[in-house]
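Those protein sequence lines, which keep their order, are chains C and V. This note's numbering applies: residue 1 is where the first sequence begins, and numbers increase by one. This note's numbering applies: residue 442 is where the second sequence begins, and numbers increase by one. One structure is given here, and the rest of the page talks about it.
There are 2 protein chains.
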Amino acid sequence: MERMLIGETPQHIGESVRLAGWVHIRRDHGKLIFIDLRDRSGKIQMIIVPDHVEAYEAAKGVRNEFVIDIVGKVKSRPGGAQNEKISTGNVEIEVEQLKVLAVAENVLPVEPSSDTLDVNLKTLLDNRQLSLRNAKVNAIFRIYSSMLRAYDAVLSQDGFLEIKTPKILSSATEGGANFFKVKYFDRSAYLAQSPQFYKQAGVGAFERVFEIGTVFRAEPHFTTRHVNEYTGLDAEMGFIESFSDVMDELEKTMMFIFKTFQDECAEEMALHEAQMPSIVAIPRLKLTEALQILEQQYGKKMEDGVVDIDPEGERLIGEYVKKEYGSDLVFLTHYPTVARPFYVMPNEDPQFTDSFDLLFRGLEIASGGQRIHNYADLAKNIQLHGLNPDEFKHYLDNFRFGMPPHGGWGLGSERIVQKLLGLKSVKEAILFPRDVKRLTP
Amino acid sequence: MERMLIGETPQHIGESVRLAGWVHIRRDHGKLIFIDLRDRSGKIQMIIVPDHVEAYEAAKGVRNEFVIDIVGKVKSRPGGAQNEKISTGNVEIEVEQLKVLAVAENVLPVEPSSDTLDVNLKTLLDNRQLSLRNAKVNAIFRIYSSMLRAYDAVLSQDGFLEIKTPKILSSATEGGANFFKVKYFDRSAYLAQSPQFYKQAGVGAFERVFEIGTVFRAEPHFTTRHVNEYTGLDAEMGFIESFSDVMDELEKTMMFIFKTFQDECAEEMALHEAQMPSIVAIPRLKLTEALQILEQQYGKKMEDGVVDIDPEGERLIGEYVKKEYGSDLVFLTHYPTVARPFYVMPNEDPQFTDSFDLLFRGLEIASGGQRIHNYADLAKNIQLHGLNPDEFKHYLDNFRFGMPPHGGWGLGSERIVQKLLGLKSVKEAILFPRDVKRLTP
């Protein structure tokens with residue numbers, strides 16, 4: 001008999017079926033043994049009675065998280081639908097055969113069947129093989145996967161081509177120090193801290209490109225929003241009029257992702273008691289305006305002469321736009337030239353750039369803007385940033401043969417899910433996160 | 442006026458439109474200047490007459506690969522449809538305004554407008570910013586992108602969850618020496634040469650998972666089928682009966698991908714004069730059977746006592762199954778234990794394993810099989826392979842709490858496209874390939 005998924009059983013009342021999955025909970029009720037079985041489609045209650053001698057004997061030895069394979073009869077279970085923890089509450093299984101496929105150790109360091117894993121981050125991550133089986137933790141990665149597909153779908157629809165760009169680079173460019181160094185045969189190389197240069201090259205060939213890829217950051221941070229390896233959602237588009245076009249496209253992308261969460265992830269979001277983000281036009285505030293708001297409304301002032309915003313300021317601006325515009329997102333625009341990399345397009349007022357950050361519930365989730373597309377301007381800006389154009393030869397080559405005006409963004413996939421679900425740390429939104437101290441499991 | 446794509450112009454005959462793109466070819470015919478304009482949707486012929494003084498003067502200075510923005514009238518062009526090189530042959534544009542958005546250097550190291558870039562691999566790759574604009578080269582990456590989406594679609598349909606696993610590992614496990622070493626803050630780490638351990642962990646939580654991710658191989662190869670960084674299409678599935686289930690799923694995946702090539706990529710395939718692979722059941726031959734066939738039909742014998750196949754043997758078996766079964770694919774099964782990693786499930790005959798390779802047109806594109814899911818068996822097999830179980834603690838942890846029988850595959854994305862189009866080197870199917878000597882552009 002072929003294995004059936006638990007989610008399909010309600011259509012097979014009265015029939016014999018074969019199921020396989022994990023023992024979610026086992027309860028011994030005198031003569032009866034109850035097992036809640038769990039597979040990827042849901043959970044179901046099963047009863048094992050002494051009449052089925054072999055199954056009953058096997059069931060006696062079974063513990064939580066054993067993997068079992070059973071044959072049994074689907075029975076309707078009136079009133080069972082009230083039991084919210086069992087997705088197929090209106091049916092149960094009377095087990096006739098039971099085979100153990102794999103055993104589990106006696107003591108579980110975390111208990112997958114608990115409603116909320118009330119453990120600290122270290123325990124949660126150290127025991128990933130078990131914590132990922134918990135419904136609430138599991139839901140994070142179902143949502144994450146929906147988001148990846150939504151990102152792909154909306155950009156493909158809009159004529160963006162999915163590309164894959166190299167992660168090993170010959171030099172630590174972009175003027176940053178936060179590169180991991182790799183021994184590459186007889187020389188040194190570096191891990192890409194963004195696909196920036198290569199997605200720009202993609203514009204020269206395909207106009208519109210996107211990439212879902214690993215990003216490596218050698219930043220020695222210890223915060224709830226940083227990791228050293230994450231999955232970037234990048235995009236770059238040619239023939240823009242201004243960086244507003246880039247924000248328009250990113251806005252469309254975010255709304256499509258939010259719509260996908262609404263359509264596909266209601267159950268997962270409910271487990272986290274998460275608010276669905278509102279689908280409204282994203283307000284766009286100049287950074288200088290935002291700083292004024294912070295000063296006037298919240299009495300928060302940056303150091304004299306510093307035109308920049310800190311995490312607390314971002315959080316407050318998030319509150320402000322929620323209150324004033326009903327929006328969970330806000331674009332902060334026109335960052336100062338000194339705070340942005342050399343490839344960012346200067347604004348008409350050369351103190352500022354045609355760039356933006358996107359905040360979601362007060363956390364920066366994306367950076368973007370227009371890029372310089374003229375060879376001479378770019379070479380000059382490299383120098384203005386105190387860098388040597390010779391070290392950027394291969395990058396500059398992209399601009400020798402006709403590069404259209406273009407711009408794009410880099411979006412952090414895990415931060416979206418972190419803020420969507422109100423997770424304390426971004427690490428909870430990564431299967432096996434990497435930080436300064438953590439390289440395992 | 443908003444920019445329109447060239448592909449939309451046939452619906453706008455008689456109207457004024459704005460287009461933007463690259464100068465594909467410019468021809469001066471005395472008083473008339475002809476420009477074939479190229480954007481991501483196609484190519485169109487444009488005429489600039491002296492009456493439009495400013496446009497005409499601007500057009501005189503324009504050369505191939507300049508980026509321009511024009512306003513003009515769409516005119517029907519009877520008979521123009523015969524011109525196969527212009528996708529919108531039945532319309533042309535009478536240009537009224539012309540603005541140069543970006544210039545290109547005078548001498549193009551490779552010429553994007555040529556039918557076939559008759560250059561060697563080094564020139565092709567050194568000048569990626571231009572070679573990618575060539576229609577035939579460009580088509581490779583449109584096909585590649587379709588393949589990525591098809592892979593995602595077929596596995597998502599079948600209940601596989603897309604996951605992202607870490608690329609920086611604490612130790613060089615899997616018993617291989619082909620790891621790149623990374624300086625990770627104050628210690629050493631390694632780049633993942635496959636997501637093997639993590640996708641198996643995924644089975645414990647999600648039953649069925651897939652990943653599209655970067656794979657790093659520090660192999661000092663100089664062949665047409667090896668690179669040091671590529672995009673792996675991995676999958677792993679729980680609750681299998683045997684490794685036939687894995688082959689069934691991979692067969693379904695390949696057929697879906699081939700169907701997608703048929704449906705979406707006919708034009709791109711035609712540019713490469715590529716044969717569509719046949720959609721037939723994939724023959725499954727034991728490796729020992731394949732070796733017999735090689736000896737009997739092709740007089741090819743491996744060294745005494747060696748039960749393995751070499752690239753020439755794979756090529757010949759590819760020919761054989763094409764002739765005998767009309768199939769472009771073949772599974773070779775039951776590789777010897779000594780030729781497979783420790784985690785592969787031994788066959789009933791312990792000399793062999795429940796494993797397979799998948800060949801496409803005579804090239805190995807995938808490896809897979811069933812994995813050992815029992816903790817004790819796995820620990821023992823690690824030792825049998827001369828490795829130390831203590832070094833695999835975090836991997837072994839996955840098997841302590843109930844891991845179902847499972848298996849999966851690793852599929853090389855670029856090799857599929859290489860063999861589909863008959864590209865001489867797999868590097869042609871990678872935007873910016875990395876090999877022992879090449880880390881740029």
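Every residue gets a Cβ at the ideal spot worked out from N, C-alpha and C, and that includes glycine.
Cβ-Cβ distance between residue i and residue j below 8 Å
{"i": "LEU439/C", "j": "LEU632/V", "result": "no"}
{"i": "PHE772/V", "j": "LEU732/V", "result": "no"}
{"i": "LEU148/C", "j": "GLU603/V", "result": "yes"}
{"i": "VAL307/C", "j": "LEU287/C", "result": "yes"}
{"i": "GLU229/C", "j": "LYS624/V", "result": "no"}
{"i": "GLN792/V", "j": "ALA201/C", "result": "no"}
{"i": "ASP510/V", "j": "ALA461/V", "result": "yes"}
{"i": "ALA545/V", "j": "PHE197/C", "result": "no"}
{"i": "VAL91/C", "j": "MET1/C", "result": "no"}
{"i": "GLY42/C", "j": "GLY7/C", "result": "yes"}
{"i": "TYR761/V", "j": "ILE723/V", "result": "no"}
{"i": "ALA102/C", "j": "ASN815/V", "result": "yes"}
{"i": "TYR739/V", "j": "LEU726/V", "result": "no"}
{"i": "ILE365/C", "j": "GLY422/C", "result": "no"}
{"i": "ARG40/C", "j": "GLY600/V", "result": "yes"}
{"i": "ARG371/C", "j": "HIS334/C", "result": "no"}
Distance between beta carbons of residue j and residue i, contact taken as under 8 Å
{"i": "LYS199/C", "j": "VAL209/C", "result": "5 Å"}
{"i": "VAL503/V", "j": "ILE476/V", "result": "7 Å"}
{"i": "VAL515/V", "j": "HIS453/V", "result": "5 Å"}
{"i": "PHE66/C", "j": "VAL100/C", "result": "6 Å"}
{"i": "GLY369/C", "j": "ASP234/C", "result": "Actually they are not in contact, since the Cβ atoms of GLY369/C and ASP234/C sit about 13 Å apart, beyond 8 Å."}
{"i": "LYS868/V", "j": "LEU566/V", "result": "7 Å"}
{"i": "THR701/V", "j": "SER586/V", "result": "Contact doesn't hold; Cβ gap of about 11 Å is too wide."}
{"i": "LYS865/V", "j": "THR664/V", "result": "Contact flag wrong, Cβ pair sits at about 11 Å."}
{"i": "GLU249/C", "j": "MET237/C", "result": "6 Å"}
{"i": "THR606/V", "j": "LEU431/C", "result": "6 Å"}
{"i": "ILE698/V", "j": "ALA591/V", "result": "5 Å"}
{"i": "MET695/V", "j": "LEU770/V", "result": "6 Å"}
{"i": "PHE680/V", "j": "ARG3/C", "result": "6 Å"}
{"i": "VAL137/C", "j": "PRO433/C", "result": "So it is not a contact: roughly 13 Å between Cβ atoms."}
{"i": "PRO277/C", "j": "VAL436/C", "result": "Not quite, the Cβ-Cβ distance comes to about 31 Å (not below 8 Å), so this is no contact."}
For residue i: DSSP bridge partner residues
{"i": "LYS741/V", "result": "None, per the DSSP bridge assignment."}
{"i": "PHE331/C", "result": "ARG284/C, LEU358/C"}
{"i": "ILE604/V", "result": "Answer is none; ILE604/V lacks a bridge partner."}
{"i": "SER586/V", "result": "Answer is none; SER586/V lacks a bridge partner."}
{"i": "SER517/V", "result": "VAL532/V"}
{"i": "SER16/C", "result": "LYS73/C"}
{"i": "ILE293/C", "result": "According to DSSP, ILE293/C bridges with nothing at all."}
{"i": "MET487/V", "result": "ILE476/V, ILE534/V"}
{"i": "GLY679/V", "result": "HIS847/V"}
{"i": "VAL779/V", "result": "BP columns for VAL779/V are empty, so no partner."}
{"i": "HIS29/C", "result": "LEU32/C"}
{"i": "THR353/C", "result": "PRO346/C"}
{"i": "ILE466/C", "result": "Past the boundaries of the shown model lies residue 466/C; chain C is included only from 1 to 441, so the question cannot be answered."}
Contact test: residue i Cβ vs the ligand ADP heavy atom, cutoff 7 Å
{"i": "HIS835/V", "result": "With respect to the ligand ADP, the structure offers nothing, as it holds no ligand at all."}
Complete beta strand (DSSP E) runs within the stretch 363 to 427 of chain C (minimum length 3 residues, chain order)
The qualifying runs are 363 to 371, 406 to 412.
Whole runs of the beta strand (DSSP E) within the stretch 85 to 150 of chain C, excluding any shorter than 3 residues:
Runs of the beta strand (DSSP E) inside the stretch 85 to 150 of chain C: 91 to 102.
Between the stretch 529 to 546 of chain V and chain C, which residues of the former have CB atoms less than 9 Å from a CB of the latter, in chain order?
Under the 9 Å Cβ criterion, the stretch 529 to 546 of chain V contributes LEU542, ALA543, VAL544, ALA545, GLU546.
What residues from the stretch 831 to 845 of chain V come within 9 Å of chain C, judged by C-beta to C-beta, listed N to C?
The stretch 831 to 845 of chain V vs chain C, Cβ under 9 Å: LYS834, HIS835, TYR836, ASP838, ASN839, PHE840, ARG841, PHE842, GLY843, MET844, PRO845.
Proximal residues, the stretch 424 to 440 of chain C versus chain V, C-beta separation under 7 Å:
Cβ contacts with chain V: LEU431, PHE432, ARG434, VAL436, LEU439, THR440.
According to a CB-to-CB cut-off of less than 7 Å, which residues of the stretch 178 to 189 of chain C neighbour chain V?
Hits within the stretch, in order: PHE180, LYS181, VAL182, LYS183, TYR184, PHE185, ALA189.
Any C-beta of chain C within less than 9 Å: which residues of the stretch 797 to 815 of chain V qualify?
Hits within the stretch, in order: HIS814, ASN815.
Chain-ordered residues of the stretch 222 to 256 of chain C with a beta carbon less than 8 Å from chain V:
Within the stretch 222 to 256 of chain C, the residues whose Cβ lies closer than 8 Å to some Cβ of chain V are ASN228, GLU229, THR231, PHE239, listed in chain order.
Which of the residues in the stretch 196 to 219 of chain C, read from start to end, lie with their CB under 8 Å from any CB of chain V?
Under the 8 Å Cβ criterion, the stretch 196 to 219 of chain C contributes TYR198, ALA201, GLY202, GLY204, ALA205, PHE206, GLU207, ARG208, ILE212, GLY213, THR214, PHE216, ALA218.
Enumerate, from N- to C-terminal direction, the unbroken beta strand (DSSP E) stretches of 3 or more residues contained entirely within the stretch 177 to 262 of chain C.
Every unbroken stretch of the beta strand (DSSP E) spanning 3 or more residues and falling wholly within the stretch 177 to 262 of chain C is given here in chain order: 181 to 184, 187 to 191, 208 to 216, 229 to 238.
Could you list the residues in the stretch 451 to 462 of chain V with a C-beta less than 7 Å from some C-beta on chain C, going in chain order?
Within the stretch 451 to 462 of chain V, contact with chain C at the beta-carbon level (separation under 7 Å) is assigned to ALA461.
Could you run through the stretch 153 to 172 of chain C and flag, in chain order, every residue whose CB is less than 8 Å away from some CB of chain V?
Cβ contacts with chain V come from SER156, GLY159, LEU161, GLU162, ILE163, LYS164, THR165, PRO166, LYS167, ILE168, LEU169, SER170.
Taking Cβ-Cβ distances below 9 Å as the criterion, which residues of the stretch 23 to 42 of chain C are in contact with chain V?
Here the close residues are VAL23, ASP39, ARG40, SER41.
If you measure beta-carbon to beta-carbon, which residues of the stretch 498 to 524 of chain V are closer than 7 Å to chain C?
The residues in question are GLU506, PHE507, VAL508.
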